[in-house]
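Taken in order, these protein sequences are the chains called A and B. Using UniProt numbering, the first residue of the first sequence is number 1, and each one after it goes up by one. Using UniProt numbering, the first residue of the second sequence is number 1, and each one after it goes up by one. Below is one structure, written out as structure tokens, with a few remarks after it.
There are 2 protein chains.
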Amino acid sequence: MPEVDGFWGVVPAGGAGTRLWPLSRAARPKFLLDLTGSGRTLLQGTVDRLTPLTGDRVVVVTGASHAEAVAEQLPQLGADRVLAEPAPRDSMAAIGLAAAVVERADPGAVIGSFAADHVIPDAETFRTAVREAVEVARDGHLVTLGVEPTHPATGFGYIRAGDALTGFPTARRAREFVEKPDVERATAYLASREYLWNAGMFVVRAGALLDLLAQWHPELAAGVRAIAADPERLDDIWPGLEKIAIDHAVAEPAAAAGRVVVVPAPFGWDDVGDFASLSTLLPAAEGPMTVVGDPADVTAVDAEGLVVAAGGRRVAVVGLDDVVVVDTPDAVLVTTRARAQDVKQVVDALKASGRSDLT
Amino acid sequence: MPEVDGFWGVVPAGGAGTRLWPLSRAARPKFLLDLTGSGRTLLQGTVDRLTPLTGDRVVVVTGASHAEAVAEQLPQLGADRVLAEPAPRDSMAAIGLAAAVVERADPGAVIGSFAADHVIPDAETFRTAVREAVEVARDGHLVTLGVEPTHPATGFGYIRAGDALTGFPTARRAREFVEKPDVERATAYLASREYLWNAGMFVVRAGALLDLLAQWHPELAAGVRAIAADPERLDDIWPGLEKIAIDHAVAEPAAAAGRVVVVPAPFGWDDVGDFASLSTLLPAAEGPMTVVGDPADVTAVDAEGLVVAAGGRRVAVVGLDDVVVVDTPDAVLVTTRARAQDVKQVVDALKASGRSDLT
Numbered sequence: 001m002p003e004v005d006g007f008w009g010v011v012p013a014g015g016a017g018t019r020l021w022p023l024s025r026a027a028r029p030k031f032l033l034d035l036t037g038s039g040r041t042l043l044q045g046t047v048d049r050l051t052p053l054t055g056d057r058v059v060v061v062t063g064a065s066h067a068e069a070v071a072e073q074l075p076q077l078g079a080d081r082v083l084a085e086p087a088p089r090d091s092m093a094a095i096g097l098a099a100a101v102v103e104r105a106d107p108g109a110v111i112g113s114f115a116a117d118h119v120i121p122d123a124e125t126f127r128t129a130v131r132e133a134v135e136v137a138r139d140g141h142l143v144t145l146g147v148e149p150t151h152p153a154t155g156f157g158y159i160r161a162g163d164a165l166t167g168f169p170t171a172r173r174a175r176e177f178v179e180k181p182d183v184e185r186a187t188a189y190l191a192s193r194e195y196l197w198n199a200g201m202f203v204v205r206a207g208a209l210l211d212l213l214a215q216w217h218p219e220l221a222a223g224v225r226a227i228a229a230d231p232e233r234l235d236d237i238w239p240g241l242e243k244i245a246i247d248h249a250v251a252e253p254a255a256a257a258g259r260v261v262v263v264p265a266p267f268g269w270d271d272v273g274d275f276a277s278l279s280t281l282l283p284a285a286e287g288p289m290t291v292v293g294d295p296a297d298v299t300a301v302d303a304e305g306l307v308v309a310a311g312g313r314r315v316a317v318v319g320l321d322d323v324v325v326v327d328t329p330d331a332v333l334v335t336t337r338a339r340a341q342d343v344k345q346v347v348d349a350l351k352a353s354g355r356s357d358l359t
Numbered sequence: 001m002p003e004v005d006g007f008w009g010v011v012p013a014g015g016a017g018t019r020l021w022p023l024s025r026a027a028r029p030k031f032l033l034d035l036t037g038s039g040r041t042l043l044q045g046t047v048d049r050l051t052p053l054t055g056d057r058v059v060v061v062t063g064a065s066h067a068e069a070v071a072e073q074l075p076q077l078g079a080d081r082v083l084a085e086p087a088p089r090d091s092m093a094a095i096g097l098a099a100a101v102v103e104r105a106d107p108g109a110v111i112g113s114f115a116a117d118h119v120i121p122d123a124e125t126f127r128t129a130v131r132e133a134v135e136v137a138r139d140g141h142l143v144t145l146g147v148e149p150t151h152p153a154t155g156f157g158y159i160r161a162g163d164a165l166t167g168f169p170t171a172r173r174a175r176e177f178v179e180k181p182d183v184e185r186a187t188a189y190l191a192s193r194e195y196l197w198n199a200g201m202f203v204v205r206a207g208a209l210l211d212l213l214a215q216w217h218p219e220l221a222a223g224v225r226a227i228a229a230d231p232e233r234l235d236d237i238w239p240g241l242e243k244i245a246i247d248h249a250v251a252e253p254a255a256a257a258g259r260v261v262v263v264p265a266p267f268g269w270d271d272v273g274d275f276a277s278l279s280t281l282l283p284a285a286e287g288p289m290t291v292v293g294d295p296a297d298v299t300a301v302d303a304e305g306l307v308v309a310a311g312g313r314r315v316a317v318v319g320l321d322d323v324v325v326v327d328t329p330d331a332v333l334v335t336t337r338a339r340a341q342d343v344k345q346v347v348d349a350l351k352a353s354g355r356s357d358l359t
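This is the structure we're talking about:
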């Protein structure tokens, strides 16, 4: 399949992945890690997934402290394709800046924004959905990919789909974005077949996105366009930009105005939020113990679960079910998949005890 | 309390402590370790316990590969007080050699033999029992200290006590030594109040022990006496010595012949066989997690059990009860107290996979 003319990938690379400690750290966030042992980091996997559509037309937006690591992981991108945020200003400023940079480089371009730390095993199906989204976006729509839910998740927001869009195979009007539901509501959403997971994947003409932004947050739109016009103004303008998520800034009001289209995304998707999530993404293990790293480093006796052997040491587990052991050079975590969400509390405790050097 | 005239301590320092892996290794066996974080190793603790009775009259028998480490840990002993076995020949040869060396240095001396890797928290009560045992032994008896059982243990042999010995506060005739019982038998032993645990603690005149040995194993008795007379013959004689435990070689036949006395030992005693055993010996923790090492290295969230922080790294445990985590520089073990005995299987698996360097 050929590349898609005038289509640019935008990859916001942020977020620490606190619940994946001690693998992820402030200085070595989730997107820089090869969590699944695939040989590619989540960031590299995200760009790899886009490259057949975009060629080298990919822009990564990341914190200034990670820009060098991002550039090292993506040597195929020029240095000007890695945009460094002086400080976090939430997703609208990040994606808006990328949109403004692309708008100047390639007026009329369509951008697709995909977080650097998500996993989509079926890249072909992903790209088929993106191709349709790009064609819809060329008409000026704000298009989002809505992941078809597989269970009543309470950890994601949802998109309520409406009528089919004439002339496209699967695209539908998006009626509204809804916040993370409680479990009853999530169950009703799943049963209705009307709701899709909001995975934060947006496809839109760069100029159209900024024009929408200009309607509701004119100073933010003007700010990112000014930086794109004169990158030397970044440090001046950036701190004054409004801190707001793209969903609130543009997607929700645009949906209310009938300007959003959703393309159902019939592919597996995971935001690798914790070790329980990670363990579902790994290839089936030969024995009851799933291993990330060299299985020869792990001795499991009557034990079942996940071992991440990233410390260069022997890891031995005896007589535990559903155990998670994550070994790194300076810290080892022992928990269960059932308690994987609570790993965040370790990071909080370390910060509280003055050991931010470990977080 | 004064020292006991003519009383010598004999400390056989052998055994790897396989079920305490990865703390204990072939090259760093249990007795060389400070398992409880007391600041003293088990070997040092054993000698410390004896010194008020013996002064510097202590002989340690250990494998040649550990002799240097033993001497380093016990600088108060002269180099000639550490006897190095060229190869393991079981406990009779080890204790017999020590007895022969003491017999030459101090004819008429009484020796007390106490394994280097046991823990006895109440040293005063221990010494009171030993003082009585020494007085009994001066009459030529083979005296053993029998630990008063606290539960129907199946992991120890037992001593069946008989009539009280006239003239001593607690000593009784020993009727027989019995092997490790099954649980029904152990329960009956406990209920009968006739049986004591055989902790392998013997007190006897050095010459009397060797004379008893000469009755049943004359070549072994002659061999160790010949080495004591001319230490240069050690390497010649040692490999030909019979490999037999002191219980089988002397204690059991002497009991059958009515020559053994048992002094009940009303003190806590533990052979620190595994991490479950170790955890009972540690001071009560402030929280639900018992820590050996620096508690500041451990972050426990809703977790209970034992952490040995000996790796110089952060150990974090989230949401597990009865967990045992042992962190060392080159290996980490995760198990439960309930499965602590099965740690031996890790060592077996490592040997089978050619990783004896880790055992």
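Glycine included, every Cβ here is placed at the ideal spot set by N, Cα and C.
Endpoints, beta strand (DSSP E) assigned at residue i
i, result
"residue 375 of chain A", "Outside the displayed range of chain A (1 to 359) lies residue 375 of chain A, so it cannot be described from this structure."
"B/M201", "195 to 205"
"A/P264", "260 to 265"
"A/D327", "323 to 327"
"A/R314", "314 to 318"
"residue 360 of chain A", "Because chain A spans 1 through 359 in this model, residue 360 of chain A falls outside it and cannot be assessed."
"B/T299", "298 to 301"
Residue i: first and last residue of the uninterrupted alpha helix (DSSP H) it sits in
i, result
"B/E135", "123 to 137"
"A/S192", "183 to 192"
"A/G96", "90 to 105"
"A/D270", "Per DSSP, A/D270 belongs to no alpha helix (DSSP H) and is neither H nor E."
"B/D235", "234 to 237"
Residues sharing a beta bridge with residue i, DSSP
i, result
"B/A174", "B/A161"
"A/E85", "A/G63"
"A/L142", "A/V260"
"residue 375 of chain A", "In this structure chain A extends from 1 to 359, so residue 375 of chain A is not present and cannot be described."
"A/G9", "A/V58, A/G112"
"B/L306", "B/T290, B/V324"
"residue 360 of chain B", "Since the first residue shown for chain B is 1 and the last is 359, residue 360 of chain B is missing from the structure and cannot be characterised."
"A/V119", "A/D270"
"A/R28", "A/R25"
Beta-carbon proximity of residue i to residue j, cut-off 8 angstroms
i, j, result
"A/V325", "A/G311", "no"
"B/A133", "B/R205", "no"
"B/L145", "B/A199", "yes"
"B/R337", "B/G305", "yes"
"A/L210", "A/A99", "yes"
"A/E103", "A/A228", "yes"
"B/V143", "B/Y158", "no"
"B/P181", "B/T150", "no"
"B/D297", "B/A309", "yes"
Any non-hydrogen atom of the ligand HEM within 7 angstroms of residue i CB
i, result
"A/R205", "The ligand HEM is not among the ligands present in this structure, which contains no ligands whatsoever."
Of the residues the options, the one placed nearest residue i, counting alpha carbons only
i, options, result
"B/E176", "B/P169, B/A349, B/D163", "B/D163"
"A/V47", "A/A71, A/G63, A/D321", "A/A71"
"B/P12", "B/P253, B/A93, B/L20, B/L209", "B/A93"
"B/P266", "B/E304, B/A316, B/A67, B/I120", "B/I120"
"B/T125", "B/L358, B/Q44, B/G268", "B/G268"
"B/D5", "B/A99, B/E135, B/D274, B/A123", "B/E135"
"A/F156", "A/A208, A/T187, A/V130", "A/T187"
"A/M289", "A/D139, A/E179, A/G319", "A/G319"
"B/F340", "A/K351, A/V301, A/S353", "As written in the sequence, residue 340 of chain B is Ala, which differs from the Phe given in the question. It is A/V301 whose Cα lies nearest to the Cα of B/A340."
"A/D274", "A/T335, A/E68, A/L241", "A/T335"
"A/F7", "A/L43, A/R57, A/Q44", "A/R57"
"B/Q215", "B/G55, B/R19, B/P253, B/A129", "B/P253"
"B/R160", "B/T128, B/L196, B/R131", "B/L196"
- Message: Tell me whether the stretch 344 to 353 of chain A and the stretch 36 to 54 of chain B touch, counting them as touching only if at least three CB pairs, one residue from each stretch, are closer than 8 angstroms.
- Response: no
- Could you tell me whether the stretch 105 to 114 of chain A touches the stretch 23 to 33 of chain A, where touching means 3 or more Cβ pairs closer than 8 angstroms? Counting Cβ pairs under 8 angstroms, fewer than three are found: no touch.
- Are three or more beta carbon pairs between the stretch 240 to 259 of chain B and the stretch 75 to 92 of chain B nearer than 8 angstroms? yes
- Query: For the 8 angstroms Cβ check, are there 3 or more pairs between the stretch 2 to 16 of chain B and the stretch 47 to 66 of chain B?
  - Reply: These segments touch.
- Query: Are the stretch 252 to 263 of chain A and the stretch 166 to 175 of chain A touching by the rule of at least three beta carbon pairs closer than 8 angstroms?
  - Reply: yes
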